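Residues in the sequence shown are numbered from 1 upward in steps of one, following my numbering. One structure is given here, and the rest of the page talks about it.
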Amino acid sequence: MDIEREISEFKKNELKEVEESRKKEKKQVYINPDSLIGKEIKYQTALLHEILHELRNRG
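And the structure:
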């Protein structure tokens with residue numbers, strides 16, 4: 001299995017699900033970037049970007 005392809009497919013499916021749910025639901029939530037949740041989201045996003053970077057440089 002190509003891990004990059006799997007991650008890309010997962011992201012596409014996730015975006016499709018988000019788009020479908022967005023059509024059904026119009027509520028939006030603001031997350032303060034300085035809050036605990038906002039910081040955790042930023043941390044996990046940075047971690048995922050680092051993992052992707054390492055995987056791309058491997059091959």
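Cβ coordinates follow ideal geometry from the N, Cα and C atoms, glycine included. Since we're looking at a predicted model, the values are computed, not measured.
Report yes or no: do the segment 47–59 and the segment 1–20 share at least 3 C-beta pairs separated by less than 8 Å?
At 8 Å Cβ cutoff, the stretches touch.
Have a look at residue 55 and residue 46 and give me their C-alpha separation to the nearest angstrom.
Going from the Cα of residue 55 to the Cα of residue 46 covers about 14 Å.
Report the rounded CA-to-CA distance for residue 37 versus residue 57, giving the unit in angstroms.
30 Å
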